[in-house]
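Using UniProt numbering, the letters of the sequence shown map in sequence onto residues 1 to 135. These notes concern the structure reproduced below.
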Amino acid sequence: MNLAYDYPVLGAFWTIMWIFLWVLWIVLLFRIIGDIFRDDTLGGGAKTGWLVFVILLPFLGVFVYVLARGKGMGDREVRHAQARQQALDDYVRETADRGAGPGNEADQLAKLSEIRSRGDITDAEFQRAKEKVLH
């Protein structure tokens, strides 16, 4: 029967450390595989070569990839995040523009008429603003 006192504290520390390093390496492996597929500068053959190298010789492949292409990984990640943010901004802008349909034009024309009736703008300014709204 194994009891807690049969497993020393230092042994538990080393076990936890090795598990942590193994999980860290797995996360790094998946980040590298993602970076290989995300990189637009690599051709199909180069991507295949790096992928085979990283999968067949995992430890050596990960270390060589980080040494050879690690500096660009951060730049590619930033560009990818900026592209995702731009896509989200475009989607939000496009969705908001869908709401600018005929009802919105009528509201704008009503506001222009109200401003003209108060005398804040002239008839010529009203006509120019009306043309902008309608076109």
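A virtual CB, placed ideally from N, CA and C, is assigned to each residue, including glycine.
C-alpha gap between residue i and residue j, whole angstroms
| i | j | result |
| --- | --- | --- |
| Ser113 | Phe37 | 57 Å |
| Gly11 | Trp18 | 11 Å |
| residue 186 | Gly44 | Here the chain has residues from 1 to 135 only, and residue 186 is not among them. |
| Met73 | Ala96 | 34 Å |
| Asp107 | Val78 | 41 Å |
| Phe20 | Thr48 | 29 Å |
| Thr15 | Phe30 | 23 Å |
| Val92 | Trp22 | 41 Å |
Residue environment, residue i, which counts as buried when at least 16 other CB atoms sit within 10 Å
| i | result |
| --- | --- |
| Asp40 | exposed |
Distance between beta carbons of residue j and residue i, contact taken as under 8 Å
| i | j | result |
| --- | --- | --- |
| Ile33 | Val54 | 7 Å |
Residue j beta carbon less than 9 Å from that of residue i
| i | j | result |
| --- | --- | --- |
| Arg116 | Phe126 | yes |
| Leu57 | Trp50 | no |
| Trp25 | Val52 | no |
| Arg69 | Asp90 | no |
| Glu105 | Leu67 | no |
| Asp121 | Ala129 | Note on residue identity: the sequence assigns Ile, not Asp, to residue 121. In this structure, Ala129 lies closer than 9 Å to Ile121 by Cβ. |
Which full runs of the alpha helix (DSSP H) of 4+ residues lie inside the UniProt domain "SHOCT" (107-134), going along the chain?
-> 123-134
Where in the stretch 64-104 do unbroken runs of the beta strand (DSSP E), each at least 3 residues long, occur, reported from the N-terminal end onward?
-> none
Could you name each continuous alpha helix (DSSP H) segment of 4 residues or more that falls completely within the UniProt domain "Cardiolipin synthase N-terminal" (23-69), going from the start of the chain to the end?
-> 44-56
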